[in-house]
Amino acid sequence: MKKNANDTDIQIAICGSAGDGTIAAGDILKRAMSLQGYKVIAFDLYPAEIRGFGKCISRIRISSGQTYSLKPQSDALVSLNDPHAIPHVVEVRDYGAVIYEDTPMARIPEGGHISAHVRPAQIPYGLGIRHISEQATGSARSRNIVVLGYMAGLLGMTRDVFHQTIGEKFKTKAPAVAEQNLKAFDAGYDLATRVFRLDTIEIKPPRHTKSGADAVMMTGNGAVVRGFLDAGIDNYFGYPITPATSIMERLTVEMPKTGGRVLQTEDEISAIAATIGAGYTGARTATATSGPGLALMAEMVGLGVMAEVPSVIVVSQRGGPSTGLPTKTEQSDLNMAVFGGAGDAQRIVLAPTNVEGCYKCAGKAFEIAEKFQTPVIVLLDLYLSNRYETVIPPKRNPFLRKPEKKIAVRNGNGAYKRFAATADHVSPRSVPGEPGLMHTVTGLEHNEMGRPSDLPEVHLAMSHKRHKKLKGALNLRGLTLCKRFGDEGEVDVGILGWGSTFGEILEAMYAAQSEGIRCSAMKVVMLSPLPIEQIAAFHDDCGEVLVPELNYEGQFAGLVSGELGRPVTRLSQVTGAPMRVEEILNEVRRLSGKQSPARKTKQQDTGDERALEAGLS
Amino acid sequence: MNEHLKPVYLEEKLDEIRADGHQDYRSKAIPTWCPGCGYYSMTEGFTMALNRLGIEPENTVVVSGIGCASRFPFFVNTYGFHTLHGRTLPVATGIKQANDALTVVAVGGDGDAFAIGAGHIPHAARRNVDITYLVFDNGIYGLTKGQASPTSAVGFKTPTTPYDNCDQPLNPLMMLLSYRASWVGQAYAGRPHHLADMIAEAMAHRGFSYLHILSPCVTFDKTDMTYANLDVGVRDLPGDHDRTDLLAAMAQVEAKEAPALGVFFEEGRPTLGDAMIETIRRAGGQAA
Amino acid sequence: MPTPRHHVIIGSGSAGFGAATTLRARDPDCRISLVTLSSLPFYNRYDLPDIFRGRHDWRDLLPIMPAMYDELGITLRRNSRVVDVNGTAQSVEFAHRETLHYDSLLVCAGGRGYLPEILSDYRPLMHNFASFEAAMEVHTALPKGGTVIMLGGDMLGLDLAFTLLDTGYKVALVTTPQTFWPHRVDDQLRGKLVAALEAKGARVHGDSAPVAVEEGLPGAPARRVILQDGTEISGDVVMPFCGLVPAVEFMLSAGVDIERGLLVRPDLRTTGENIWAAGDVCQIWSDSDKEYRFYHGWRNVREMGELAARNMTGSDEEFVAEDDGRIWLDKGSNICSTFWEH
């Protein structure tokens, strides 16, 4: 983000145990701030465990200008559970705030209270959260809302928008529930207004208060759902898997309202099989899964390619291989999404880089799948699936609700050729129910009629057709396939990125620019077929090309350098967490030949002397 | 009564066939099955059933998996989807889910159904997807030249069981009954007219109908499920069999040595499509 | 490998902080926990009047940067109220229900402002000057050129009073027996000192004791102080400065002798095993006076903290007061005090 004096750019982390209402409190915070017109990016982490005592942490970045990722350091940490929150204290910046329970119910072992861990430069704010909740509502259940109120009051956030948000959040519950929560919020808020602030967290009024009412908070998965609905999804088949499940859960609520159907299948094979089955009938159909599910789907994706049946598959990647790290993020399924399965089975793969992109890619995927009669994979990851961003929904539905041209075409008196050769390699398609156009599609290699054939000329022609038709996707309109940001022309370092990591890449690029490094960044949304011309042009302009991504070997770097036949510098990382802006920036500095600016030592030297005086005199 | 012994006059038969109209449901492709294969009677029975029920070919989708039976869609003049090994039911479920107006028939052999695809059967059955599943059981993997299948008898010698098959064969009908498929019946390729009746009845059933068809592999099985053995082995269901009685049905299918032909079990209950329409109603939506 | 000794210091004022740095210098391996009620790292309370000279950022008051605590290996436990010390189990119990074990304990909890009984009901209407936050609140509550009504006027208060007078504020001083605390002044000197205060611009009310604090009348400054003789003094802020009383409640079951403060030997050991005390919280046995005496003032407090730390790490020294507790007028009739020397 480019900084102005009147900018707000703060990040709040709320940490607790499952059942503490951590995510709910974070949800209210991000919605309230979004309602006021701030840009909000948020990422929640919660345990794989079904229920119980796993760690939940919600990190919420609130800014007046556009930001692209979370900050490595939060301005404030709110603890609803000290053992979980203590490891995150170090993530709070100097002169930031740590807010916690100062009269816990149970005895605490030595070192178990967060006050012993607050760094000397951070400001501890303790309050009797449980006690206040009990006083305000008669129960300790509203601890999360009390501490939310306290944090809001402390930082001088506007009370009204929280009231509005809380009212909306609990509007489906009994009126007493909203009332209790409002009381809890106010109790915390009022207490905080009497506290003398020692932190340096500043919230300025938002830039555009007008847009606040239109803006909505959405996760990547939520945006996929919205995109599906706006594009007129007819059918959804899915099997639960973290981190994709919330897509199915939301669709199950929303789709029936407009006559749509959702079926939870017995496994991922069945989910993709039914998706392709429904796609064969001409219905807009999708499924969503994660890496392990995609592995099971690989054979069916091949069938979709071979039988030229449209389908949309959302894949939210998590740590792998195998069951891997179900609740951690990673970008290690690129190879499988692009290449996975038997044979030469090229398909279309789109990887959005932000929440808005999830909306566009998910909605557009149907059109693309229908247009090119092929499976389309929309590749997310846990970080993008679960992170919240402020999105202004488009005023007009941007998607074609019906296929661009009638898919069934009668071929006069001649026999209908389902796989007829055409100029754009896309054949006229008919769907069951249309008289006179009956045909059978098959996973076997087949001739133009669709009859099985293993003749060499048939296999060659059909392979050619299946690959060539996809090249048309590189001329798609209405969807950004790749885009360059930052400095134009020749630059010292170009950062090439994909997926969720691109937010960190942009932040790093802006930081590098502010240090005087000529730098630009390119995001690649269409991973297959690869828009190689634009990438090559970008490569031409860059002294060095850096490819940061969250996998071990640098799968995207491999894909790009393989197609380009030119080297790129990999920055690959597998920690289960999003990449840190600083790490990308350091690499950019190294590649640009510019060392990092002298570390700000603040008054460390004088401090040192004083300490010596103090200690040794 | 043995149908093989009736005299058949070619001219009469051809006239009968032309007048009948069921040949419209046949495609122009020439089947690739071995001469004498039970699958011919299935194709014939299927087209006759469609014809009798008056279902338009364009509103019919036949879904197959992999195996000898997988070629079935190519030989009938309907919409067809030749899918992957074992995946007929989920694909068929997707087709039906997307368009209730279609008649969807899934076909497969014993390997496709009860080896690789066995996991999907209980779910199609419990959801009561309104489709018909025709399983052509020849107790062998015919397309890949005669390996043992889940319904091969103990002691059966094949290229993958050179020292005799020692795996207990499954009892598919018992499985389907325990999954509470809403229509379960059995027919035999050696009794084509009964087979056609049974296919028609299975397709007429509203809900998931499972028809098990005993069908000899004349090429790779010379000893076990042969016409000779089955002709003497099969029996009709007792006239007093109560097809609403699940336990009675189970008792009938338990006797595998003398396979009974007919409808073992039938019940009417809401289909998956019904459940979807109800869900849409509860959500306040309008069914498409 | 032996477990390093854990020194727990209660109180992060001059004594406690001085002790912590001294301990670290003398024992590189020991564990040091500096426990405080404060939300801030150590700052010198004696610097707080500087707030009225524009030092509003607490970071400017810190003698060492916060990061230095890490380098010195001092665990700072702020916002931490000790509710009990168990001398047998050698542990400290916090209000937040955590128990912290110590090998040696140094109590430097200091004192809190004394308030005459008759005024205790009016505490909500008064401001104190015990912390940075409190001092900032005074600053906020005080309009430009406004009046502080000071009750008592101990040496801490008078330090503030001179700063206030110097920076354009008004000070109304209601004298009590605690005026000039901790100095004991006879009537003659008292008269001269009062005159000197008046000469500096303070309005001194010396004839009658304060008995009540009320909200100001509409249109008038925010507070009124009513004296026994019925006199009403109007001002914006009322601040009691009546000396300090040792903060020792949490030590009641620690097994140490307490009179008003914690009783310590000249080497600053209390009567409890492995428990030392330093600063305004303790009374030190004086062989010459044959009684336990308080020694106040920054220099004394500081020296006590460091001495206790030396003795906790093997030394055997006795406390000798650096500040002999004198107050006098210089040639220019300025009030001088050893209390203020640092």
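Protein sequences appear in the order of chains E, G and W. Quick note: our numbering has the first sequence finishing at residue 645, numbered continuously throughout. Quick note: our numbering has the second sequence finishing at residue 316, numbered continuously throughout. Quick note: our numbering has the third sequence finishing at residue 355, numbered continuously throughout. Glycine residues also receive a C-beta, built at the ideal position from the N, C-alpha and C atoms.
| Item | Value |
| --- | --- |
| In terms of residue numbering, what span does the beta strand (DSSP E) encompassing E/Tyr128 cover? | Val120 to Glu129 |
| Is there a C-beta anywhere in chain E that falls below 8 Å from the one on G/Ile16? | Since the first and last residues shown for chain G are 29 and 316, residue 16 of chain G lies out of range. |
| Against E/Ile304, what residues of chain G qualify as contacts under a CB-to-CB distance less than 7 Å, listed in chain order? | Val119 and Gly122 |
| Can you give me the start and stop residues for the alpha helix (DSSP H) that W/Trp311 sits inside? | Trp311 to Met325 |
| For E/Thr131, which residues in chain W fall below 7 Å Cβ to Cβ? | Ala108 and His109 |
| With respect to the beta strand (DSSP E) encompassing G/Gly290, which residues constitute its N-terminal and C-terminal limits? | Ala288 to Glu294 |
| Give me the Cα-Cα distance between W/Val151 and W/Val261, rounded to the nearest whole angstrom. | 27 Å |
| Buried or exposed for G/Val182, please, with buried defined as at least 16 other CB atoms from any protein chain shown within 10 angstroms of its CB. | exposed |
| So, is the C-beta of E/Val728 closer than 8 Å to a C-beta in chain W? | For chain E, the structure presents residues 29 to 645; residue 728 of chain E sits outside this window and is missing. |
| Beta-carbon of E/Val146 versus every beta-carbon of chain W: anything under 8 Å? | yes |
| How about W/Asn92: is its C-beta nearer than 8 Å to some C-beta of chain E? | yes |
| Please report how far the alpha carbon of G/Leu205 lies from the alpha carbon of E/Leu324, in whole angstroms. | 29 Å |
| If we require 4 or more residues per run, which alpha helix (DSSP H) segments fall completely within the stretch 104-184 of chain E? | 110-113, 157-165 and 171-182 |
| Mind pulling the chain G residues with CB within less than 8 Å of E/Phe427? | Within 8 Å Cβ-Cβ: nothing; E/Phe427 doesn't reach chain G, min ~18 Å. |
| Suppose you measure from the CA of E/Ile78 to the CA of G/Tyr191; what does that come to, to the nearest Å? | Any reading at E/Ile78 needs caution, since the residue's pLDDT is 48, under 50, leaving its predicted position unreliable; the model's value is listed next. Cα to Cα, the separation comes out at about 48 Å. |
| Could you have a look at E/Val406 and say whether DSSP puts it in helix, strand or coil? | strand |
| Rounded to the nearest angstrom, how far is the Cβ of G/Arg208 from that of G/Asp158, given a contact under 8 Å? | Not confirmed; about 15 Å, so no contact. |
| Look at the alpha carbon of E/Pro115 and the alpha carbon of E/Ala125, and state the distance between them as a whole number of angstroms. | 15 Å |
| On the three-pair Cβ rule with 8 Å, is the stretch 190-198 of chain W touching the stretch 89-104 of chain W? | no |
| Determine whether the beta carbon atoms of G/Val133 and E/Ala301 lie at a separation below 8 Å. | no |
| Taking the continuous beta strand (DSSP E) assigned at W/His20, which residues delimit it? | His19 to Ile23 |
| Using the rule of at least 16 other Cβ atoms within 10 Å of the residue's Cβ for burial, across every protein chain shown, is G/Thr251 buried or exposed? | exposed |
| Suppose you measure from the CA of W/Leu177 to the CA of W/Arg39; what does that come to, to the nearest Å? | 41 Å |
| Thinking just about the alpha-carbon of each residue, which of E/Ala212, E/Phe198, E/Asp515 and E/Ser167 is nearest to the one in E/Ala180? | E/Ala212 |
| Please say whether E/Glu572 and E/Val3 have beta carbons closer to each other than 8 Å? | With chain E covering only 29 through 645, there is no way to say anything about residue 3 of chain E. |
| So, E/Arg598 versus E/Gly582, is the Cβ gap smaller than 8 Å? | yes |
| So the beta strand (DSSP E) G/Pro200 belongs to, where does it begin and stop? | Not the beta strand (DSSP E): G/Pro200 falls in the alpha helix (DSSP H), residues Pro200 to Ser206. |
| Could you check whether the stretch 167-183 of chain G touches the stretch 125-143 of chain G, counting it as contact only if at least three pairs of C-beta atoms, one from each stretch, sit closer than 8 Å? | yes |
| Can you list the residues of chain E that W/Trp311 reaches, using a CB-CB cut of under 7 Å? | Going along chain E, no residue has its Cβ under 7 Å from W/Trp311, so there is no contact; the nearest lies around 14 Å. |
| With a threshold of 8 Å between beta carbons, is W/Asp146 in contact with chain E? | What sits at residue 146 of chain W in the sequence shown is Glu, not Asp. Yes, W/Glu146 counts as interfacial toward chain E. |
| Quick one, which residues of the stretch 42-59 of chain W are near chain E if we go by CB-CB under 7 Å, in chain order? | Ser52, Leu53 and Pro54 |
| Going by DSSP in three states, E/Lys58 sits in which element: helix, strand or coil? | helix |
| Could you give the C-beta distance for E/Ile261 and E/Leu183, rounded to a whole number, given that I count them as a contact under 8 Å? | Between E/Leu183 and E/Ile261 the Cβ distance is about 41 Å, and since that is not below 8 Å, they are no contact. |
| Any beta-carbon of chain E closer than 8 Å to the one on W/Trp341? | no |
| Give me the DSSP bridge partner(s) of E/Ile40. | E/Ile88 and E/Ala104 |
| Assuming G/Arg54 contacts G/Thr88 under a Cβ cut-off of 8 Å, what Cβ separation, rounded to an integer in Å, is found between them? | With 8 Å as the limit, G/Arg54 and G/Thr88 do not qualify as a contact, their Cβ atoms being about 13 Å apart. |
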